[in-house]
Amino acid sequence: LLQADYRSYQDGANDVRNRTNTRAGSLDANGFHDANDTALLRRIRPTIQGTLFGKYDFRFTPEFAGGSASAVDAYIDARLDPAFKIRAGKYKPFVGLERLQGGSDIKFVERSYVTNAILPNRDVGVSVYGDVFGDKLSYAVGVNNGVVDGGNATTGNEFDGSKEVTARLFATPFKDDANALSGLGFGIAGTYTNIDGERNLDFTNTSAADATRNGLPSYLTDGQQTFFRYGSASVADGKRSRITPQASYYYGPLGLITEYARVNQDVSLLTNTTSNAPSVIAANSSKTLSHDAWQVAVSYLLTGEDASFRGVKPKNNFDIDKGGWGAWELVARYSEINLDSDTFKNKNTGSFSTGTYANLSESAKSAKSWTAGVNWYLNQNAKVQLNYSHTSFDGGAGIGITAVNAAGTNIRDRQSENALLARFQVAF
Amino acid sequence: LLQADYRSYQDGANDVRNRTNTRAGSLDANGFHDANDTALLRRIRPTIQGTLFGKYDFRFTPEFAGGSASAVDAYIDARLDPAFKIRAGKYKPFVGLERLQGGSDIKFVERSYVTNAILPNRDVGVSVYGDVFGDKLSYAVGVNNGVVDGGNATTGNEFDGSKEVTARLFATPFKDDANALSGLGFGIAGTYTNIDGERNLDFTNTSAADATRNGLPSYLTDGQQTFFRYGSASVADGKRSRITPQASYYYGPLGLITEYARVNQDVSLLTNTTSNAPSVIAANSSKTLSHDAWQVAVSYLLTGEDASFRGVKPKNNFDIDKGGWGAWELVARYSEINLDSDTFKNKNTGSFSTGTYANLSESAKSAKSWTAGVNWYLNQNAKVQLNYSHTSFDGGAGIGITAVNAAGTNIRDRQSENALLARFQVAF
Amino acid sequence: LLQADYRSYQDGANDVRNRTNTRAGSLDANGFHDANDTALLRRIRPTIQGTLFGKYDFRFTPEFAGGSASAVDAYIDARLDPAFKIRAGKYKPFVGLERLQGGSDIKFVERSYVTNAILPNRDVGVSVYGDVFGDKLSYAVGVNNGVVDGGNATTGNEFDGSKEVTARLFATPFKDDANALSGLGFGIAGTYTNIDGERNLDFTNTSAADATRNGLPSYLTDGQQTFFRYGSASVADGKRSRITPQASYYYGPLGLITEYARVNQDVSLLTNTTSNAPSVIAANSSKTLSHDAWQVAVSYLLTGEDASFRGVKPKNNFDIDKGGWGAWELVARYSEINLDSDTFKNKNTGSFSTGTYANLSESAKSAKSWTAGVNWYLNQNAKVQLNYSHTSFDGGAGIGITAVNAAGTNIRDRQSENALLARFQVAF
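Residue numbers (the numbering used here), protein chains in the order written: chain L, 1 to 428; chain U, 1001 to 1428; chain D, 2001 to 2428.
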C-alpha cells in the first residue's frame, strides 16, 4: 500500500502554539504560524501475510512513511473454529468500526475524530474473537498493554504494568434477508484499564525523556494539525474507560457509517516538571475528564457499483484507449470532538490561568469538521482521492502572545482550518 | 519469524535503580520499582535470502521488533570451496555456540548469560570459514569492527578504528560413527581487540551523546531486566579479550549445550562527566576487570523426535480433528554470571563509595538463574514456549535510598526475580 | 542491493573539528582526530516494484544501512504516454546525471561532489516527464517539497511551505546513427525555491531541535568525512537556485561523464542561538553565497564489454573451475568543489573571526579529489570495487586549538585525505 498525499491549507494554523518564539515564517495576530502546505507519503506498507497448515495465519505490515520504519501489524491468528479464534501480537484492538476498515479502503483521506482522537489504533496483546448465531453476531474480547487515545503501541516493553481490557459486540441480524435491512450492522465496544503515566519525564538515569509517557494523548484536526495538547504538568493517574456505540449501513451504491465515542480519563497534576528533579502528584489535583466525539459519513457510488465495508472494484477500469472511466464516488462527513470544560479550569479555584490540565489559549475546547470529497477508482488497485475539509474551533487562541487570564476572558476561537487533501494510492 | 511474547513477573525489579526519583508506581524498601508485566513482539524478522550462480549467497534479515527497524543480518557469502568460504557484511561472528543457533530454534525464550551478556551478538566485517578433515572440524577467523559484550553492531561507521579479531575451532570427531558419541561436538573460540571508548559523552559539537559509546556493556537478567551497569565515569580504555570453550551433545531425544565465557576488559575512569566540558582519563585509574559466565542446558523430546542443533519437525502435527498433538519438549537450564569484585571498589583506596567502576548499591555482583520450560511444536512452523525462571543476586541493592558507604556494609542482595515468559512463534 | 564496504584512511581527518574536547583517540597538531578505519554496510535495499494494468508502476526501496530504516524511494508512475508520464511520491528529482544512475551501477564507490554535495538526492512531490522527438529529447518538470544540497527528504511533513521547482532537458540527438557520436548525450537542469530555515533550533515547545532544519547543508569529502559545515548562527533565508549542465558519452568499452553544478543560496545570521530563547535574523546579515563543483569521470572495460549508463553484464562470468574471469574495468575521476570565499568573512567588516557564515579554521574553502579504481564484475549480480582517493583542501584548519584571528592569517590547509575504499556488492 502506497499513498502519496498533498495537503494544501487555505486557512489554518500549524500544530504548535508558538507565542514567544519566532521560527520559520511569521506569526499571526494570535501567535500562530500558518499551516505549511506539504507533499508527503502517508502510508508505505508492503504487507506480508500467509496461512500455515490451513489454520494459522500471520500478518506483518511494516510502515515506512514518516521518516523511520516500524511494525504496524505483526500478529498470529489461530483459527481453531469460526466461533473461536485467537489473535496474538500487535494488531487493531477490536473496538472502533471505522478503525477496523482497512487503510486502503477508507472513504476519506483521514479518519474521523472518533477513530483518530478517542479510540485505540494499534495495541499489543491477545484477543479471542469469532462469529456466532449463523455469523449474525461477532464478538471479541482482548487483553492488551493499553494505548492512549488514538495511540499506536510500540512492539517493545510497556512502562506501565496494568493491562487494558477490550470488548466488542457487532450484530448483522438481517444479513441473510433480501430486503433493505440486510446491509445493516450495529454494535457497541469499550475499553477499560488503569494507567499511571510517568511522573518525571526528565528521567536522566535511563533514557531520554519521552513526552508520550505521561499517558495522555494529543488531538489532531481533520487536516492533521494538533489543536489540543495536555499541559506539561498533567499526567494520567487512575482509570481510563471508553465506550463506543457504532453502526453501518450499505444499500446498493449507498454507504453510511456512524459512531460515537466517550473516554473518561483520570488526570492529575505534578508539582515539578523541571529537569532531573523528583516529582510527585500535587495534592487535591486529581480529576476525571470526559471527552467525546461522533461522526456521520455517507458515500454514494455514481457508476453503479455496490457499496461495502471493503474497497471498490470498478465495473469498468479507467482506460483512455478503450474508453473506460473507472468508478466514481461522492462522500460527505460531519465529525466533531468536545473536550470536558473542566480540562481548562483549575479544579479548586476555577482559574483559567494556573493549575489547569490544558491551556485554553493554546488548545481548543472543541473541533467541528465538515468534509466533502470525491473518490476516483481507476481500477481495483489504484485510487485518487480529493477531500475538502472545513474545521471550526471553540477557544484555543489567546489575544496576541499574552497569557490567558484567570477569568478566561481574553480567549478567542482558533482560526478555522480549510484544507484540501489529495491522495494518489496504489495497493499492492 | 514472528514471536509474540508475554512476560509476567511474580517478583523482580525494573531495570533501573531509581532511589531518588519517583516515576510511575511506587518504590520498594530498597528504592526499586517492580518489574512491569508486558506483552511485546520479541522478533519480527522477514528474512530475504538467496543464491546467485550457485556460489554466492546473500542474506538480509530486518528486525522490526522494539519500536524501530534495523538490519540484523546483511551479508554476502562466497562459497569458493567447502573448506574456504568468505562472509562479508553484518553477521553473527563465529564465537558463541548458543548464539550460532537460530533465533527460531533456541530451546528457551531467552539465551543464557554466556551468550547475551559476554559474547558478541552481531558485528560488521569479514570472516573466512570452512569445514576440513571430512567435515569433522570447522574453523573460522574474522576481522570485525568489534562490539561490546552481547552487542549488536550498527551497520554504520564505527567510532573506534581498531578492529576485533575472532577465531573459532569446533570439532565433531565421531559424527560418522554409529554410536553414542556421534552427536558430540566441542570447541573453543575467542576475540581480541583494543577499544578506547568515547571520553566525553556530552559531545555537543556533533551529535547527541550516546551512552553506548563509552565502549562498555550493561548486563541483563534472564527476565531481561538490567542488573549491572558501569558507572557514568567508566570508559573502555585498552584491551578487550574473550575466551569461550563450548560443547553440545545430541543423542536420540536428548540435547545438551554447555558453554563458559570469560571477558577481560581494560576500564578507566574519567575526571569529568558533566555537560560539554573536556574530560580526560583520571590518573592511576586503569584496571583490567575479568567477568565470567557459564551455562548447562538440557532438553528432552517427549514425543519421539530426534533432538538436534536445529529446530524440531513434529512426527504428528497438532490437529484437533485428526487427533495429532504436535511435539512436546521439556527443557531445563542453569546459568550464572560473576562480575569481577574489583568492579565495585576504588582501585587505590578500596572504598565502595567513590572511584568505583560500578555502584554496588545499584548493580549486582552476580546473577544465578534456574530456568525450566516446556516447548510445544504445533508443526514445523508454529511453536508455543513457556519458561519459568528464578534468578538470585549477590549485592546490587542499598538500604533505602541512602548511598553506599565506604566499607560497603550497607549493601543488600537485590530482590530475586521470578518470571514467567511465554511465547507464540510462527516461522515463515 | 547489498553493499559491504571497507574504508581505510592512510591520511585524513575525522568529520568533526574538536579543538577543545578530548574524545577517543588523540588530536593532531591542528585539533583534528584521525579518520577511523571502518567496515560498514553502505546500502541494504531490498526493492519491491511492479506494474499494474500495464500502465501504473510502483516502486518501493527501503534502506536498512546506517542503523535505522527508512524509505529511499516510494513512488507511483502513471505512464499515460511515452511523452507524458506522471510520477508522484518520493523519488530522485530529475536533475543530476550521475544521481540518476542507479546506486548499483555507479562506477565509483562514492559519487562526485556535483552529485553528493550540490544537487538534490531524493525529494517528495510530483513530476511530469517523457521522451519526445523520436526519443531524442527527454524532458522533466517537477514540483517538490525541496531539499538542501545533497539532501534526502523524509517522507513526512515539510517544515517550510514553499515548493521547489525542478526542470531538466537531456538530448541524445545521434542515438539512431551508427557512428562515433551515437553514444553522446548532453543536457541542462536546474532547481528554484524559497527556503526559510528554522530560526530557533532549541524549540522546546515541540520536538527535539533538529540541526538540519536551518535549511543548510554540510559537505563531505570523497572519503565521506565532513569538511564543510555552516556555523550554528547561519540559517537559510531566501532564494536557493541550482543550475547544472551535464554530458555523457559511451563508445565501445569507453565511458565518460562530466557535470558542473552551481548553487546560489541566501544565508543570514541569527542574533541568538542559545537554548530556548527567541531568535531573530541579525540586521544586515543576509548574503547570497555561490558554491560550485564539477567532475570528469572516465571508465574503460578491459574485457570487451560495451560501456553504458547502466550496469555491466560480463561476457564470461567468474568461475574458477571453468576458467571465466568476469569483467574488469578501470576508472578514474577528478572532482572538485569550491565554496564562495564570502562564506568565511564578515559581510560588513571583512573579519574572519566573528559574524561569518562558517569558520575557516574548521571548514575548508575547497576540496579537490583524484580517484582511481578498478571494478571487477564477477557476474551481472556480483561486483567488487576498489578505489583509491586523494583529496586536498584549501584552508579548513587552524593552528593548534586557538581561534581564527580577524585577518585569517593563522589558517592552514586541512590535512590531505588519502583513502582506500573497497566494496563487495550483490544486487538482488
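Backbone N, C-alpha and C fix where the C-beta goes; we use that ideal spot for every residue, glycine too.
Treat the numbers as computed from the prediction; the structure is a model and nothing was measured.
The C-beta distance from GLN385(L) to ARG423(L) rounds to 4 angstroms, short enough to fall under 8 angstroms. Counting only residues of its own chain and dropping the five nearest sequence neighbours on each side, TYR1192(U) has a CB closer than 6 angstroms to the CB of VAL1165 and SER1241. Chain order gives the chain U residues near ALA2065(D) as ALA1071, ALA1074, THR1155 and GLY1156, where near means a beta carbon separation below 9 angstroms.
For GLY2050(D), the closest Cβ of chain L is nearer than 8 angstroms. Taking 8 angstroms as the CB threshold, LEU2184(D) stays off the interface with chain U. Taking all protein chains shown into account, GLY2096(D) has 16 or more neighbouring C-beta atoms within 10 Å of its C-beta and is therefore buried. Interface annotation, PRO2120(D): not in contact with chain L, CB-CB separation never under 8 angstroms. Within the same chain, and ignoring the five residues on either side of TYR2113(D) in sequence, the residues whose Cβ sits closer than 6 angstroms to its Cβ are ALA2293, SER2335 and ILE2337. Spanning the alpha carbons of GLN1415(U) and HIS291(L) requires a straight line of approximately 42 angstroms. In chain order, LEU52, PHE53 and TYR56 make up the part of chain L whose C-beta sits under 9 angstroms from the C-beta of ASN1379(U). By the Cβ criterion, the stretch 1127-1146 of chain U is not in contact with the stretch 1313-1326 of chain U, since fewer than three pairs of Cβ atoms, one from each stretch, lie closer than 8 angstroms. For SER68(L), the chain D residues whose Cβ falls inside 8 angstroms of its Cβ are SER2068, ALA2069 and SER2070, in order along the chain.
In the DSSP assignment, GLU1259(U) falls within the beta strand (DSSP E) that extends over 1254-1269. Below the 7 angstroms Cβ cutoff, chain L contributes PHE53 as neighbours of ASN1317(U), in chain order. Excluding sequence positions up to five before and after ALA1083(U), its CB lies within less than 6 angstroms of the CB of GLY1130 and VAL1132, all in the same chain and listed in chain order. In this structure, ALA1419(U) sits near SER1389(U), with a CB-CB distance shorter than 8 angstroms.
The Cβ of PRO1217(U) sits no closer than 8 angstroms to any Cβ of chain L.
Beta-bridge partners assigned by DSSP to GLU1063(U): SER1070(U). Boundaries of the beta strand (DSSP E) around ARG333(L): 327-338.
In the DSSP assignment, LEU169(L) falls within the beta strand (DSSP E) that extends over 164-171. Per DSSP, LEU119(L) lies in no beta strand (DSSP E) and is assigned neither H nor E. In this structure, the beta-carbon distance from LYS1107(U) to ASN1381(U) does not fall below 8 angstroms. Spatial neighbours of THR354(L) in its own chain (CB-CB distance under 7 angstroms, excluding positions within 5 residues in sequence) are listed in chain order as ASN346.
Annotation: the continuous alpha helix (DSSP H) that includes GLU1098(U) extends over 1097-1100.
Cβ atoms of GLN1049(U) and ASP1037(U) stay farther apart than 8 angstroms, at about 36 angstroms.
Take the alpha-carbon of SER2162(D) and the one of ALA35(L): they are about 12 angstroms apart. The stretch 1179-1194 of chain U and the stretch 1227-1242 of chain U touch, with no fewer than 3 CB-CB distances between them shorter than 8 angstroms. Close partners of LEU1041(U) in chain L (Cβ separation under 7 angstroms): ALA71, ALA74, GLY89, LYS90, VAL124 and THR155. Contact note: ASN145(L) reaches chain U through THR1038 and ALA1039, using a C-beta cutoff of 7 angstroms and chain order. Annotation for LEU2378(D): no beta strand (DSSP E) segment contains it, and DSSP assigns it neither H nor E. Cβ-Cβ distances below 6 angstroms link ARG2043(D) to LEU2001, GLN2003, ALA2065 and GLY2103 in the same chain, with the five nearest sequence neighbours on each side left out; the list follows chain order.
In this structure, LYS2055(D) lies near ALA2078(D), with their beta-carbon atoms less than 8 angstroms apart. Ranked by Cα distance from ASP1306(U), the first of THR1051(U), TYR1249(U) and ALA1407(U) is TYR1249(U). Between PHE1084(U) and chain D, the shortest Cβ-Cβ separation is not below 8 angstroms. Taking CB atoms only, PHE2424(D) has a neighbour in chain U less than 8 angstroms away.
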